[in-house]
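**Q** Residue numbers (this note's numbering), protein chains in the order written: chain A, -13 to 481; chain B, 1148 to 1308.
Every residue gets a Cβ at the ideal spot worked out from N, C-alpha and C, and that includes glycine.
Here it is, the structure, as structure tokens.
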Amino acid sequence: MVAFNSLMLLLEPSTMLVIIGCAIYGLVVGAIPGFTATMAVALLVPMTYFLDPVPALAGIVTLAAMAIFAGDIPGALLRMPGTPASAAYADESFQMARRGEAETALGTSLVASALGGIFGALLLIFAAPALAEISLSFSSFEYFWLACLGLVAAIAASNATPAKGAISLFIGLTIGMVGLDPVFGQQRFTFGNVNLVGGLAFIPVLIGLFAVSEAFRFGASPVARPEMLPLKPAAMFKGVFGHIGRLKLPILRGGIIGSVVGAIPGAGADIAAYISYAVARRLSPNKDKFGTGTVDGIVPATAANNAAVGGALIPATVFGIPGDSLTAVIIGVLYMKGLNPGPTVFLMQPTLLYAVFIAFLIANIVLVPFGFGAIVMFRRILSAPPGVVMALVIMACIVGAFAVENTTFAIAVMLGAGLLGYYLEENEFPLAPVILGIVLGPILESTFLASLAKSQGAFTEFFSRPIAGTLGATTIALVIAPLVYVLIKSRRQAT
Amino acid sequence: MKLDDTLNGILFLALGLCIALYAQTLQKQPQIEYGSGFLPGIVGTGMALAGLALILRRVLTGAGGVSGLVAFKCNGRRGAMGVGLFVGTILIYILLAQTIGFLLLAPFLIFGLVFWFERLWKLAALVGVFGTLALHSFFYQIMQAPLPWGILTKYSGVLTW
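Here you go:
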């Protein structure tokens, strides 16, 4: 009954219109080299502010599914991945396109992406409610350790050095601390400025970090796009299903890797694709063909990056712990709509939540025709002058930041966040821990102080419950393991 | 703008220490040992230590170096102007939007950006006008976001379509 009601919510004409609009928007932005799925979502969030929760959230998850695939198109035809999630196998598909097999590369990539996404969506639909039931017994101790685990994993999973990952995280936590302290209500980092009492607004910070910083990077060195390789869309699905049938196990493996890696905080679709590609390279009977342009390398990795989106949504909806920067944004939207993510949402708002899950499943099913359309239209998308696109992006950022907060101070916050994001990316500091820090900081602080009050100051109580103890031990192990590894490595080198 | 990791490390070491010192100024709660300064204290100390780790890594392994300590990864002066133009556009909007209004200010800002990057004034003018109308239609008319009217306030009824 819940599923039927959820489906009915999705079938409302206004909701369908938003979903279709978001699908097209996601495909266009994802196909433009240099733009990320997170940037696409960041630009969409101000608009979702004015929408009802179901179309807003269904639109965002649809956009995410579409944008992750669309990144494959310029990867194959220009050797420029549209989103970082497609970087792992961009060279593989480009080599195929150079041999005149662009249709096979993109056709198999499209079908495998849809299959990976469907796997992630089904896992989300079945695993999330089961996990939510278990997590109903969670207290502040478990939530404290989950937040800690999320923050530590965000550093461990980032591509940067641990010190840079940690600095990014501390910047995010600092941004999250501006305003009233969530426990005692004392002002922090406001320096007498009334605009800061309510904290730095999430949406302007998000737009600044992910969209404005991209415009600055374009301003510093506008990139000329190379000529795209020829493509015959009519031959797109010729021989594709033969490859898909032959590679069904690698696709399943990619789906599993993507879902698991996606659920780990900080490790998003890009890392899932890299791991899946590396595993496929090791296990494939055609491993010698990897690097020369083979679908055996493309298919498992592209299935993994689409499955990762579904995987990341599991901890986001069940615990309120984001799997990556994209789901951190979705959590922000959930809070904005007055829906505190966590197991109680499954009890209080099941229809709404299942509507979002079903929207994600449908998005991955219709990815094949929509994605085909995007491939056909790619030359046209690419013909948009980048200067025009960026000028409109920056104006949309300004208007979006202003529209949500109704104050020019929000635009100033967006500018500051944009400069910060530009500086961080130029200096190889990862952005994902920043956004995770902003979202998880208040949870960490309030659960820590609530747990401390319950235990009357006894830290041993933090390990007294079985799940809390396991989570705590895992978090501590994640901190200590790299240090032990470095120590052992340096000793071995010395001897 | 890429800085040498020694500079990045010093920057975050200093910032972390400032945050940790600021945390000391926050009031403690009478009943509980941990007040509002608890998390800022941890964050400040952590940031300072991570900054220190960055400096040590640079000194011990040589990784993260930039010749001359600062490098600009941009298209010379034109690249710096490009970034400046985006920053300037945002600042001009912040300063003038309430006075002049979105409909009059946005076309000029869009024109400036498109002309700088594409060097086609007709295209820039068209995008300036139609881009503004599209953004206004979407955010003001459909989403009902309160975009500023500025000097056109008394015509807002006529100009709302």
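So if I threshold CB-CB distances at 9 angstroms, which residues from the region 365 to 387 of chain A count as touching chain B?
**A** Here the close residues are Pro371, Pro372, Gly373, Val374, Met376, Ala377, Leu378, Ile380, Met381, Ala382, Cys383, Ile384, Val385, Gly386.
**Q** Based on DSSP bridge pairs, tell me the residues matched to Arg1224 of chain B.
**A** Per DSSP, none; premise fails for Arg1224 of chain B.
**Q** For Leu473 of chain A, count the other beta carbons within 10 Å of its own beta carbon; 16 or more makes it buried, fewer makes it exposed. Which is it?
**A** Leu473 of chain A is exposed by the Cβ-count criterion.
**Q** Taking the beta carbon of Asp282 of chain A as the centre, do at least 16 other beta carbons fall within 10 Å, making it buried, or is it exposed?
**A** Buried.
**Q** Report, in whole angstroms, the separation of the C-beta atoms of Ile384 of chain A and Ile397 of chain A, which I expect to be a contact under 8 angstroms.
**A** Yes, they are in contact, since the Cβ atoms of Ile384 of chain A and Ile397 of chain A sit about 6 angstroms apart, within 8 angstroms.
**Q** Anything in chain B within Cβ reach of Leu49 of chain A, meaning under 9 angstroms, just list it in chain order.
**A** What Leu49 of chain A touches in chain B: nothing, since even the nearest Cβ is about 16 angstroms away.
**Q** Mind checking whether Gly254 of chain A and Ala418 of chain A have CB atoms under 9 angstroms apart?
**A** For Gly254 of chain A and Ala418 of chain A, yes; Cβs fall inside 9 angstroms.
**Q** Within 10 Å of its beta-carbon, does Met(-6) of chain A have 16 or more other beta-carbons around it, so buried, or fewer, so exposed?
**A** By the 10 Å Cβ count, Met(-6) of chain A comes out exposed.
**Q** Whose Cβ in chain A lies nearer than 7 angstroms to the Cβ of Tyr1181 of chain B?
**A** Going along chain A in sequence order, the residues near Tyr1181 of chain B (Cβ under 7 angstroms) are Leu435, Leu438.
**Q** Are the C-beta of Ile1247 of chain B and some C-beta of chain A separated by less than 9 angstroms?
**A** No, no contact with chain A.
**Q** Rounded to whole angstroms, what is the Cα-Cα separation between Ile1239 of chain B and Asp38 of chain A?
**A** When rounded, the distance between both Cα atoms is 33 angstroms.
**Q** Would you call the CB atoms of Met1290 of chain B and Phe36 of chain A closer than 9 angstroms?
**A** Cβ atoms of Met1290 of chain B and Phe36 of chain A: closer than 9 angstroms.
**Q** By the DSSP assignment, the alpha helix (DSSP H) with Gly106 of chain A in it spans what residues?
**A** Start and end: 88 to 121.
**Q** What does Met163 of chain A reach in chain B if we use C-beta pairs closer than 8 angstroms?
**A** The contacting residues are Leu1186, Pro1187, Val1190.
**Q** What does Asn392 of chain A reach in chain B if we use C-beta pairs closer than 9 angstroms?
**A** In chain order: Ala1292, Pro1293.
**Q** Do Val169 of chain A and Leu186 of chain A come within 9 angstroms of each other at the CB atom, strictly closer than that value?
**A** No.
**Q** Give the secondary structure of Gly328 of chain A by DSSP, where H, G and I count as helix, E and B as strand, and everything else as coil.
**A** Looking at Gly328 of chain A - three-state DSSP - the assignment turns out to be coil, as it is neither helix nor strand.
**Q** Establish whether the CB of Phe1255 of chain B and some CB of chain A are separated by less than 9 angstroms.
**A** Cβ-Cβ to chain A under 9 angstroms: no for Phe1255 of chain B.
**Q** Give the interface partners of Phe202 of chain A over in chain B, defined as CB-CB distance under 7 angstroms, in chain order.
**A** Val1230, Phe1233, listed in chain order.
**Q** Kindly indicate if chain A contains any beta-carbon less than 9 angstroms away from that of Gln1174 of chain B.
**A** Yes, because at least one Cβ of chain A sits closer than 9 angstroms to the Cβ of Gln1174 of chain B.
**Q** Taking the alpha-carbon of Ile1292 of chain B as reference, which of B:Phe1262, B:Leu1186, B:His1283, B:Gly1304 has the nearest alpha-carbon?
**A** Looking at the sequence provided, one finds Ala at residue 1292 of chain B rather than Ile. The shortest C-alpha separation from Ala1292 of chain B is found at B:His1283.
**Q** Does Leu1168 of chain B come out as helix, strand or coil in the three-state DSSP assignment?
**A** If DSSP states are grouped into helix, strand and coil, Leu1168 of chain B belongs with the helices.
**Q** Would you tell me roughly how many angstroms separate the C-alpha atoms of Gly318 of chain A and Leu195 of chain A, rounded to the nearest one?
**A** About 15 angstroms.
**Q** Quick one: list the residues of chain B neighbouring Lys150 of chain A, beta-carbon separation under 9 angstroms, in chain order.
**A** In chain order: Asp1152, Asn1155, Ala1197, Leu1201, Gly1211.
**Q** How about Val1206 of chain B: is its C-beta nearer than 9 angstroms to some C-beta of chain A?
**A** Not an interface residue.
**Q** Ile361 of chain A to Gly45 of chain A, Cα distance in whole Å?
**A** Those two C-alpha atoms are separated by around 21 angstroms.
**Q** Does Tyr11 of chain A have its Cβ less than 9 angstroms from a Cβ in chain B?
**A** False, the Cβ-Cβ gap to chain B never drops below 9 angstroms.
**Q** How about Val(-12) of chain A and Tyr340 of chain A: do their beta carbons lie closer than 9 angstroms?
**A** Yes.
**Q** Is the CB of Met33 of chain A under 9 angstroms away from at least one CB in chain B?
**A** Cβ-Cβ to chain B under 9 angstroms: yes for Met33 of chain A.
**Q** Among the candidates A:Ile307, A:Tyr263, A:Leu132, A:Ile157, whose CA atom is the shortest distance from the CA of Ile462 of chain A?
**A** When only C-alpha atoms are compared, the closest one is A:Leu132.
**Q** When the Cα atoms are used, what is the spatial distance from Gly407 of chain A to Ser199 of chain A?
**A** Approximately 5 angstroms, taken between the alpha carbons.
**Q** Using beta carbons (cut-off 9 angstroms, strictly below), is Leu1280 of chain B in contact with chain D?
**A** Protein chains A and B are contained in the structure displayed, whereas chain D is not.
**Q** With a threshold of 7 angstroms on Cβ separation, who are the neighbours of Leu215 of chain A within its own chain once the five nearest residues in sequence on each side are excluded?
**A** Only Leu63, Ala83, Arg84, Ala88 meet the Cβ criterion.
**Q** In angstroms with no decimal places, state the Cα-to-Cα distance between Ile351 of chain A and Leu96 of chain A.
**A** C-alpha separation (whole angstroms): 11 angstroms.
**Q** Which residues mark the beginning and the end of the alpha helix (DSSP H) in which Met363 of chain A is found?
**A** Run containing Met363 of chain A: 353 to 368, per the alpha helix (DSSP H) assignment.
**Q** Rounded to whole angstroms, what's the CA-CA distance from Phe1185 of chain B to Met322 of chain A? Just pull it up for me.
**A** About 27 angstroms.
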